[in-house]
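S.K.: Each residue of the sequence shown is one higher than the one before, counting from 24 in this note's numbering. To start, I am sharing the structure in question, which I have written as structure tokens.
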Amino acid sequence: MKTTNHNFSDLSTLLRPVAADLEQVRECISRVLTEVVWPVGDLLSQLDLCGGKMLRPAMTLLGGKCLGSVAPEQIDLAAIMEMIHLASLLHDDVIDQAQARRGRRSANALWGNTQAVLLGDFVLSKAFALGTALHLPEASAILCKTAEAICTGEMRQNLQKGDWTITEADYLAVIEAKTASLFGTCCQLGALAGKAEPAMQTHLQQYGTAFGMLFQIADDLLDIFGDTNKEGKSLGADLFNEKLTLPVVHWLMQDRQQRQNVLKRLMQSADRATLRQTLHESGAVDYTLGRAEDYARIACAALAELPESDAKQSLLGLVAYVVGRVDVCRP
24 MKTTNHNFSD
34 LSTLLRPVAA
44 DLEQVRECIS
54 RVLTEVVWPV
64 GDLLSQLDLC
74 GGKMLRPAMT
84 LLGGKCLGSV
94 APEQIDLAAI
104 MEMIHLASLL
114 HDDVIDQAQA
124 RRGRRSANAL
134 WGNTQAVLLG
144 DFVLSKAFAL
154 GTALHLPEAS
164 AILCKTAEAI
174 CTGEMRQNLQ
184 KGDWTITEAD
194 YLAVIEAKTA
204 SLFGTCCQLG
214 ALAGKAEPAM
224 QTHLQQYGTA
234 FGMLFQIADD
244 LLDIFGDTNK
254 EGKSLGADLF
264 NEKLTLPVVH
274 WLMQDRQQRQ
284 NVLKRLMQSA
294 DRATLRQTLH
304 ESGAVDYTLG
314 RAEDYARIAC
324 AALAELPESD
334 AKQSLLGLVA
344 YVVGRVDVCR
354 P
């Protein structure tokens, strides 16, 4: 897939069809999470609650806007999607011992693991409370199923730490559960709240899931090849926490017995430069980029039946944006 470079200003342009709606989402999140009793609201107000890319709420809104206008329920659903994501980040940073998030110190770095986990639990509880208040039983059922998938994926990944025998299929199953399922739900619920036909909901859910696979593969590449300052978070955590991502899995599968020892030495020395060179020379990076582009094509194809609109073009543009992010990984 031929792409051009995409930066954050390009992302702002892509999200223009829902820019005003995203402001309402930010206001909703801020109100729900900070207007609470001490000390929770005080602690959460010190974090950058809405300073990320806001991709998940944006895709919820775009999913609805592809087929009509944005309804009030879609604003709340978009806020719920971002709060679920925020809770997962608070927990992930504890698991990965990450010290930075969105260009700031992470919650666990500020207040310790226990407080960070409890904050994540609180954010998740507020997300589900907001969902219950919508009185949309089908949406609530989908949200519960998605939360189960995310937890299952995270637990499976944690159990696979240091397992040198995992396959590409194992890796893909994990990222579909822990990352892609939420993106798929974002698009599906945006369409559902907009009263779209079931077939259109399915197309958007398929788009979101494929986009999520692309997004996670790109994120895993950037964990090895990215710049901490540009990404605004701690990098290198996956490998050195013994989480094997696709480029490393593919490289290991070529000669598992011999390369395990090489990888262990690289991990012990935290030698990212040698790891990068090794992955490039083996063809593992090119292979991983190819798999990312496979999911990019699947995502775009899923939108073929949707009517033309600015929102649809934004969804297509988001695919190119993510593919463009990993240009830095190319030789």
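Virtual Cβ for every residue (Gly too), placed ideally from N, Cα, C.
Find the nearest neighbour of Ala241 within the set Asp317, Gln229, Ile173, judged by alpha-carbon distance.
M.R.: For Ala241, the nearest C-alpha among the options comes from Asp317.
S.K.: Note the first and the last residue of the continuous alpha helix (DSSP H) segment covering Lys335.
M.R.: Per DSSP, Lys335 belongs to the alpha helix (DSSP H) from 333 to 348.
S.K.: According to the neighbour-count rule (16 or more other Cβ atoms, all chains shown, within 10 Å of its Cβ), is Met178 buried or exposed?
M.R.: It counts as exposed.
S.K.: Which residue from Ala322, Thr301, Cys73 puts its Cα closest to that of Arg125?
M.R.: The shortest Cα separation from Arg125 among Ala322, Thr301, Cys73 belongs to Cys73.
S.K.: Put Arg79 into one of helix, strand or coil per three-state DSSP.
M.R.: Three-state DSSP puts Arg79 in a helix.
S.K.: For the pair the segment 274 to 289 and the segment 205 to 213, tell me if three or more CB-CB distances fall below 8 Å.
M.R.: They do not touch, by the three-pair rule.
S.K.: Fully enclosed by the segment 90 to 157, which beta strand (DSSP E) runs are 3 residues long or longer?
M.R.: For the segment 90 to 157, not a single whole beta strand (DSSP E) run of length 3 or above is found.
S.K.: Mind reading off the beta-carbon distance from Lys88 to Val41? Whole number of angstroms is fine, and I expect it under 8 Å.
M.R.: Confirmed, about 6 Å.
S.K.: In or out: Arg320 buried (at least 16 other Cβ within 10 Å) or exposed?
M.R.: Exposed, since its Cβ has fewer than 16 Cβ neighbours within 10 Å.
S.K.: Is it buried or exposed for Val351, if we count other Cβ within 10 angstroms and need 16 for buried?
M.R.: Exposed.
S.K.: Please look up how many angstroms separate the CB atoms of Lys201 and Gly185, rounded, as I've assumed it's under 8 Å.
M.R.: Actually they do not touch by this definition, with Cβ atoms about 18 Å apart.
S.K.: If distances are taken between C-alpha atoms only, which option among Leu159, Glu161, Thr188 comes closest to Met276?
M.R.: For the residues Leu159, Glu161, Thr188, the minimum Cα distance to Met276 belongs to Thr188.
S.K.: Keeping to the same chain, check which residues put their C-beta closer than 6 Å to that of Ile103; ignore five residues upstream and five downstream.
M.R.: Correct list, in chain order: Ala150, Leu153, Gly154.
S.K.: Between Leu339 and the rest of its own chain, which residues show a CB-CB distance below 8 Å, the 5 nearest in sequence each way excluded?
M.R.: Cys323, Leu326, listed in sequence order.
S.K.: With DSSP as the reference, label Gly87 as helix, strand or coil.
M.R.: DSSP places Gly87 in helix when its eight states are reduced to three.
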